[in-house]
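Line order of the protein sequences matches chains V and P. According to my numbering, the first sequence is numbered sequentially starting from 1. According to my numbering, the second sequence is numbered sequentially starting from 379. See below for the structure under consideration.
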Amino acid sequence: MTRQAMFRRIVLSSLIRRRSRMLVALLAVLIGTTVFLGMGAVYYDIPRQMGREFRSYGANLVLVAAGGGSVLKLEEARRAIALLPVDKVVGATPFRYETMYYNKQGLTVVGTDFSAVRKTSPYWRVQGEWPQKDDEILIGADIAEHTRLYAGSFIALEVSPPKGRKIKKEMKISGVVHSGGAEDGFVLMPLAGMETLLGAGGTAAVVEISIAAASEEIAAFSAAIQAKTPGLTPRLVKRIADSETTVLSRLQALIFMVTGIVLFLTLICVGTTMLTVVMERRGEIGLKKALGADNKAIIFEFIGEGVVLALAGWLPGLVSGYFFAQMVSVSVFSREVDLPFFLVPLTLCASLAVTITASLLPAAAAVDVEPALVLGGE
Amino acid sequence: MFLRMVLGALTRQKKKLLMMACAMALGISLATAMLNVMLDVGDKINQELKTYGANIIVTPRGASFLADLYGVEDGAGVSDKYLSEAELPNLKTIFWAFNIVDFTPYLDASVSVNGHEEKVPLLGAWFAKHLDIPTGEAVDTGIINMKSWWDIRGSWLKDDDESGVMAGSIFAGKQGIKTGDKLTIFARDNSGKVQTAFLTVRSVFHSGDKEDEGLLAPLALVQGLTGLEGKVRRVEVSALTTPENDLSRRASQNPRSLSRQDWEIWYCTAYVSAIAYQIEEALTDARAKAILQVAESEGKILQKTRLLMLLLTFLSLACSALAISNLVTANVLERSVEIGLLKALGATNASISFALLTEMLIATGIGGVVGYGTGLGLASIIGHSVFGSAVSAKALVIPIAALLVLLVTIGGSLPALRMLLRLRPAEVLHGRQ
């Protein structure tokens, strides 16, 4: 029998014969790997996931016409948006402001894209329906209270287009919008509907963009927009962008601390369990030494055992760690977790480091074992 | 005899039991820290979310939106409604007074600067106003606390500065105004007379909002210029709130539609709509509206954070409980010889289990107490390094930690004990396993 085959046999059979002990050690490694991978994945995924949640505060970048102009071209805005990474843009909504009259009273009417507005301003509450057709509108809660018009009623708006005579147009109120902000005093209609009434298609006063990114990143995007589309001035909504950065960095620091502490304690627990399991093999070592094994061979055996344990616990630990992270992500954010690949080899390194350290400590003690004393039972 | 056995084991097996105690101390410190942080994280994040500014806006009833809506000028009658500055300390006397973090009144005026034709908005506000509340408390509140995201080149104004003004960045850029410049301001007061003020620009601010296009001055100064002493146009309030639910949404539409019981639950919960309602009660002819952009989003973020911490706490506790009970198992497994000897001497299974469990529980119990102390330390380290304030220790954590010690110790020992008790004494004592 070669030396190598003998080594293999000693390691494997010591693992197999002492089944209950090794099961305990294996379970420890598995738990360690699970926590390491799970917490690591959650930590790396938090900024992305939480960043998306923070988008419920609404737009953090606003495009206006350059040079103090009040009208921007939507074509240009589209080119600007094309400069942003697609997966980070939550939504982009154009707004065009006009004055129309109801019973001779001026109303601010906002033309917008309702499917986009639901993404950039998810906090609006609409009683009734969102407009589906070009002649359906939303009215603000304050206007509804003042005029006693509600979802389902009709309203006749008077418009004076730049060219031509006044037009009176009957509109259906599909819902009442309530936001606590300026929208409560506005009438909102589809941009397309406004364009057929007033002409001047393809223009807006502002375009609000909601981007899932930190404020420095948005500042970089806005510099790029400034350079490539001279007709537009991007403005960072400081209140939203800065506050998000503050709160998000706090949250991340919290998760970092928690992850660190949990990992540290788990690794100690795993190491201690391994240590206990290996510790009780002093008798065996005495026997081997009496049979002529040298210290190096004994230490290698211990390391070999540690490596086998680490590998055997790591593989199922990867699976359960992935489920750990997935469970957190799906139940908190209703989204799949994005597992960074580098965590996989890192987890292996961690579990190898812990098992080898935990095996080496008793091995170092074992080297000093006097065979006669140990075998004698003292 | 039982006592002697347990005590004997405790003193003789010092090293092994010490290890158990240490492991339990680690585990319990983790549990204590995580649970305390988890129970407190809502309040902490809620405080952080205050950097988004006001979540309630208070305006005079009736005139609240007309100025915005129809672009009506001052003096036309409809928008000449104001709140009284003297009533504002009442905000700190409502049921949820403690949850009102900051508030600032505003009064706006339209002025011309240095003889230019163009009208410039001049906004008066509190900066860090000192208030003595009827309840005996004293607070400092104002725009400095509420607009933490503003960039200021220079320093904030003082509330008693009668000749200072801050310039918005867009306005300053257009007019080429710098810190230290002198401005002459003409305003028309409510009786139509022109008032003049000579002001010095103390600093330039950038808010990223429409304030950038005008000037900002102490409230008293703007009240003097417009002849509206003691009056304010609107008040922004920043309050700590509970996330909205069905009840509060129904209530925000019409509080009177609630049943008496629901109404009481709603009134006594810190929903943004309940706080707004109480503000309306505290101020004469006021209308308080929740700014949904802030209020709704706050609720969402809070819920997500709580749920995240809850899950992380639960999972990491489950994992560490498993790891420690695993360690207990390893520890018990080691004592096969001792158990074999006891059995050979005629001890019953029950008495062996009882003695061993008592021993284990004493060791882990001591570890648990030490761990609780360490855990409180860990929690306060997390609190200070992440949020800059201590995490309050919750009493609820103590029974949970005690239960964990008990469950983990017993759960870890029993399977190993059952296995060991099945072994035959002779085999074990001979050394075969």
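Glycine residues also receive a C-beta, built at the ideal position from the N, C-alpha and C atoms. Because the structure is a prediction, the values reported are computed rather than measured.
So who's on the other strand from residue i, going by DSSP bridges?
i, result
"isoleucine 137/V", "Ile173/V"
"proline 483/P", "Val613/P"
"phenylalanine 583/P", "Ile530/P, Gly546/P"
"methionine 189/V", "Gly111/V"
"glycine 128/V", "Gly175/V"
"alanine 156/V", "Glu170/V"
"leucine 461/P", "Val610/P"
"histidine 508/P", "Asp518/P"
"leucine 63/V", "Val207/V, Pro234/V"
"isoleucine 434/P", "Val615/P, Ala668/P"
"isoleucine 355/P", "A query on residue 355/P cannot be resolved here, the shown segment of chain P reaching from 379 to 811 and no further."
"alanine 575/P", "Ile563/P"
"glutamine 105/V", "Tyr102/V"
So, for residue i: in the same chain, excluding its five sequence neighbours on each side, which residues have a beta-carbon less than 8 Å away from its beta-carbon?
i, result
"proline 230/V", "Ala66"
"glutamate 75/V", "Gly202"
"glycine 199/V", "Pro161, Pro162, Lys163"
"threonine 578/P", "Ser541, Gly542, Val543, Gly558, Asp559, Lys560, Leu561"
"methionine 6/V", "none"
"histidine 762/P", "Ala768"
"phenylalanine 95/V", "Val110, Gly111, Thr112, Ala204, Ala205, Val206, Val207, Glu208"
"leucine 447/P", "Note on leucine 447/P: pLDDT 43, under 50, position unreliable in the model; no value is reported."
Just to confirm the assignment, what range does the alpha helix (DSSP H) spanning residue i have?
i, result
"glutamate 622/P", "Per DSSP, glutamate 622/P belongs to no alpha helix (DSSP H) and is neither H nor E."
"lysine 678/P", "670-711"
"serine 731/P", "727-760"
"leucine 315/V", "295-333"
"isoleucine 717/P", "714-722"
"leucine 74/V", "74-82"
"isoleucine 31/V", "19-54"
"serine 651/P", "650-660"
For residue i, collect the residues of the same chain with a Cβ closer than 6 Å to its Cβ; drop the 5 residues on either side in sequence, then sort them by chain order.
i, result
"valine 517/P", "Leu509"
"alanine 757/P", "Ala411, Asn414, Val415, Val769"
"glutamine 811/P", "Since pLDDT at glutamine 811/P reaches only 44, below the 50 mark, its modelled position is unreliable, and the value read off the structure follows with that caveat. Within the same chain, glutamine 811/P has no close Cβ partners at all."
"alanine 454/P", "For alanine 454/P, the pLDDT reaches just 40, beneath the cut-off of 50, and the residue's location in the model is therefore unreliable, although a value from the coordinates is still provided. Result list for alanine 454/P: empty, nothing under 6 Å."
"glutamine 326/V", "Val337"
"alanine 77/V", "Leu63, Val207"
"asparagine 295/V", "Val367"
"aspartate 452/P", "With a pLDDT of 44 at aspartate 452/P, under the threshold of 50, the modelled position of this residue cannot be trusted; read the value that follows with caution. Counting only Cβ-Cβ distances below 6 Å, and skipping sequence neighbours, we find nothing."
For the candidate residues the options, whose alpha-carbon lies nearest to that of residue i?
i, options, result
"glycine 260/V", "Leu395/P, Arg612/P, Ile776/P, Leu690/P", "Leu690/P"
"leucine 711/P", "Ile778/P, Leu798/P, Arg665/P", "Leu798/P"
"isoleucine 717/P", "Thr562/P, Lys667/P, Ala794/P, Ile434/P", "Ala794/P"
"glycine 180/V", "Ile702/P, Lys667/P, Arg382/P", "Lys667/P"
"alanine 241/V", "Leu404/P, Gly431/P, Asn523/P", "Gly431/P"
"alanine 503/P", "Phe476/P, Leu688/P, Ser490/P, Met544/P", "Met544/P"
"leucine 621/P", "Lys393/P, Gly420/P, Arg800/P", "It is worth fixing the name first, because residue 621/P is proline in this sequence and not leucine. Taking only the C-alpha atoms, the option nearest proline 621/P is Gly420/P."
"lysine 552/P", "Leu593/P, Tyr484/P, Val764/P", "Leu593/P"
"phenylalanine 476/P", "Ser526/P, Asp418/P, Ser616/P", "Ser616/P"
"glutamate 591/P", "Thr619/P, Gly554/P, Asn623/P, Leu577/P", "Gly554/P"
"phenylalanine 333/V", "Leu23/V, Gly32/V, Glu53/V, Ser174/V", "Glu53/V"
"glycine 286/V", "Val367/V, Ala82/V, Thr273/V, Glu217/V", "Val367/V"
"alanine 673/P", "Gly304/V, Tyr123/V, Val89/V", "Tyr123/V"
"phenylalanine 341/V", "Leu12/V, Leu37/V, Leu30/V", "Leu37/V"
"phenylalanine 114/V", "Met39/V, Tyr101/V, Gly40/V, Met194/V", "Met194/V"
Taking only heavy atoms of the ligand HEM into account, decide whether any of them is closer than 7 Å to the Cβ of residue i.
i, result
"glycine 152/V", "Although the ligand HEM was asked about, the structure shown includes no ligands whatsoever."
Between which residues of its own chain and residue i is the CB-CB distance below 7 Å, once the five residues before and five after are set aside?
i, result
"alanine 144/V", "Tyr150, Val176"
"proline 803/P", "Gly718, Lys721, Ala722"
"threonine 707/P", "Gly790, Pro793, Ala794"
"aspartate 640/P", "Leu625"
"methionine 738/P", "Met398, Val706, Thr787, Ser791"
"valine 89/V", "Ile81, Ile209, Ile211"
Could you check where the beta strand (DSSP E) with residue i kicks off and where it finishes?
i, result
"alanine 565/P", "560-566"
"proline 340/V", "From DSSP, proline 340/V is part of no beta strand (DSSP E); its letter is neither H nor E."
"serine 210/V", "206-211"
"lysine 497/P", "497-503"
"glutamate 98/V", "89-102"
"alanine 200/V", "Segment: none, alanine 200/V is in no beta strand (DSSP E) and carries neither H nor E."
"aspartate 418/P", "Looking at the DSSP string, aspartate 418/P is not in any beta strand (DSSP E); the run it does join, the alpha helix (DSSP H), is 392-427."
"leucine 594/P", "593-596"
(request) Write down every uninterrupted run of the alpha helix (DSSP H) in the region 755-804 of chain P whose length is 4 residues or greater and which is fully enclosed by it, in chain order. (result) Qualifying alpha helix (DSSP H) stretches, in chain order: 775-800.
(request) Pick out the complete beta strand (DSSP E) segments inside the region 226-256 of chain V, 3 residues or longer, and give them in chain order. (result) Under the rule that a run must span 3 or more residues, the beta strand (DSSP E) segments found entirely inside the region 226-256 of chain V read 232-236.
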